[in-house]
Structure formats: structure tokens, C-alpha cells
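Q:
Numbering (my numbering), first residue to last: 63 to 332.
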């Protein structure tokens, strides 16, 4: 990322980069490699984002949130700690009137997701399609006969069609014009510790941009109007299946594996 000019690299580290890591072993590996940085935080993102020391590192141009669990854990309320933290981050960005790009990765697995949160996403999309002939046509063509059918058939695709709209709505509440750029899915497998069976699930990554719209009443109106304009793009932009693509391009996969191995061997941080 530093080589491509995405982040700033100084003689002693990465002065414009802040990192939050919940795993202690990973944190102990990452923090020294960064050198001089805007901040290194050990702990869950949901806790760290509320600290004054974290807010002093803001605002950010790029926010990369890489979670290993679901966005709506079934052991929390529908309005999960992670969702609250994302909205807190948007409030911080708004206070600085700073536009930003958001990279959000999490696990898309229905059995681990809060049932009420899933129902709310379903209702939200149904309301968006209600009395909108064009949106209904696009949904039927690219997704499924109905929102319920999509939910039953493919939870990953259901998440891919609903969460970007939710995030753009969050942004609109803070005067941001949100745009869905792309969605990537990664097929993964793990073992069920109880049954011993192999379980297949998906990691899903969203890339969105949020442009701060200055002004008061005009900015609010533009941001809210933009939400509905984004629906066709969300419905027609099929998620990019990374695993399938790499299996069809073995030379690229080999190159990527070699590059990652080189970074790990040389302890290059980013």
C-alpha cells in the first residue's frame, strides 16, 4: 500500500496510519512493524472507537474494518456493538467534514446472525421495492422473485444486496453522499467442533465511498435523495467471487501467494 501511494510512509514508520487489533499476539507483531504511527490500539474496535485517544487520531481518508465474525451477532441486540461503532466513526468523520472510503469485511453466515436484524434488513429492502416498478424489475432479474426468496436461497447474496443500502443510509444521516463501489465474496470452510462436519461460509467485503456534502438543509436533502439513486447499482452489481476467479487464473494466485510470502518473510508491514 505504501509502494502504491495509498498510505504515507515516513523515515521512521507510518505517521498517518492508525491500527486497532483485538488479538494480542497479532497486535504484538503489528505494532513494532508500524514504527512511528498515528496510533496503535489493542482491543476490540467496538471499544477502541469510543476512546478519546482514538478520536485524536482522526479523521481518516481510508477506513478498513476487517472483522472475523458477523456484522449482526446473534448474541447481541439487532443494533449490534459493531453497527454502533461504525456510526460512531461516521460521526467523527462528520465532525471533521472529511470524506472517506470504507472497506468493510465480515462473515456472512445466517446461523450466526441476529434473527431480528435479518428481518429488519428484509423489511428495509421490501420497503425500497414497494411501488417502485424499476427497482422491482431489477431485483427480479438480478436477484430473486422476492426478497424472502433471496433470503431463503442465498444468505450471502441477501447480505450483498441489503447492507450497502444500510451503510449509505447511515452516511446520509451524517451528511455523506454514499456510493457502493464493489462487493467481493470469499468462500471459506471450517469444522463444526460438535458434529465434526465441514462447514462452508462466506466472508464478504464491501467497498464504499462517502463524500461529505457541505451545507445544512441542502446537504441533508442531497444525501437522502442519493440513497434511492444507489439502489439500481446495488441490485445489478453482482458480487465478485474471488475464490472462483483465482481458480480460473492459477498464475495470478501463485503470484499473490509469493507476494504474501515475501511480505511475511521480510516483515514488511504493508
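Just so you know, even glycine gets a beta-carbon here, dropped at the ideal spot from N, CA and C. Source: prediction; values computed, not measured.
1) Mapping DSSP to helix, strand and coil, what is residue 82?
2) So if DSSP puts residue 99 in a beta bridge, which residue, or which two residues, is it bridged to?
3) Would you mind sorting residue 237 into buried or exposed? The rule is 16 or more other CB atoms within 10 Å of its CB.
4) Residue 252: buried (16+ other C-beta within 10 angstroms of its C-beta) or exposed?
5) Within 10 angstroms of the Cβ of residue 322, are there 16 or more other Cβ atoms? Answer buried if so, exposed if not.
6) What runs of the alpha helix (DSSP H), each 4 residues or longer, lie entirely inside the segment 185-224?
7) Decide yes or no for the touch test of the segment 176-191 against the segment 151-161: beta carbon pairs closer than 8 Å, at least 3 of them.
8) Given a cut-off of 8 Å on the beta-carbon distance, is the pair residue 172 and residue 265 in contact?
9) How is residue 267 classed by DSSP in three states: helix, strand or coil?
10) In this structure, how does DSSP classify residue 314 when only helix, strand and coil are distinguished?
11) Compute the beta-carbon to beta-carbon distance between residue 164 and residue 76, rounded to the nearest angstrom, for a pair I have assumed lies under 8 Å.
12) Using the DSSP secondary-structure output, state which residues sit across from residue 241 in a beta bridge.
13) What are the residues that DSSP puts in a beta bridge with residue 150?
14) Report the CB separation of residue 81 from residue 103 in whole angstroms; it is logged as a contact under 8 Å.
15) Contact between the segment 134-141 and the segment 96-111: three or more CB pairs below 8 Å?
16) Residue 162 lies in the alpha helix (DSSP H); which residues open and close that run?
17) Do the CB positions of residue 242 and residue 296 come within less than 8 Å of each other?
18) Sorted by chain position, which residues of the same chain lie with C-beta nearer than 7 Å to residue 126's C-beta, five sequence neighbours on each side aside?
19) Residue 120 by DSSP, collapsed to three states: which one?
A: This is what the structure holds:
1) Stepping through the chain shown from its first residue, residue 82 is reached at position 20. In the structure shown, residue 82 sits in a strand (DSSP, three-state: E or B).
2) Here residue 99 corresponds to residue number 37 of the chain shown, with the count starting at 1. Answer is 76, bridged to residue 99.
3) Taking the first residue of the chain shown as 1, we reach residue 237 at position 175. Buried.
4) Counting from one through the chain shown, the residue named residue 252 turns up at place 190. Label assigned to residue 252: exposed.
5) Within the chain shown, the letter at position 260 stands for residue 322. Label assigned to residue 322: exposed.
6) 195-204, 209-215
7) no
8) Numbered from 1 along the chain shown, position 110 holds the residue referred to as residue 172. Numbered from 1 along the chain shown, position 203 holds the residue referred to as residue 265. No, the Cβ-Cβ distance between residue 172 and residue 265 is not below 8 Å.
9) The count along the chain shown starts at 1 and reaches residue 267 at position 205. Strand, per DSSP.
10) One-based indexing of the chain shown puts residue 314 at position 252. Correct three-state label for residue 314: helix.
11) For this step, residue 164 is matched to residue 102 along the chain shown. For this step, residue 76 is matched to residue 14 along the chain shown. About 20 Å separates the Cβ atoms of residue 164 and residue 76, ruling out a contact at the 8 Å cut-off.
12) Residue numbering aside, residue 241 sits at position 179 when the chain shown is read from its first letter. Per DSSP, 271.
13) Taking the chain shown and counting its residues from 1, the one referred to as residue 150 is at position 88. Bridge partners of residue 150: none, in fact.
14) Taking the first residue of the chain shown as 1, we reach residue 81 at position 19. Taking the first residue of the chain shown as 1, we reach residue 103 at position 41. With a Cβ gap of about 7 Å, residue 81 and residue 103 count as contacting.
15) Below 8 Å, too few C-beta pairs join the segment 134-141 and the segment 96-111 to call them touching: fewer than three.
16) Looking up residue 162 in the chain shown gives position 100. Here residue 162 belongs to no alpha helix (DSSP H); instead the beta strand (DSSP E) covers 162-170.
17) Against the chain shown, residue 242 aligns to sequence position 180. Against the chain shown, residue 296 aligns to sequence position 234. Closer than 8 Å, so yes.
18) The count along the chain shown starts at 1 and reaches residue 126 at position 64. Cβ within range, chain order: 165.
19) Residue mapping note: residue 120 aligns to position 58 of the chain shown, counting from 1. Coil at residue 120, not helix or strand.
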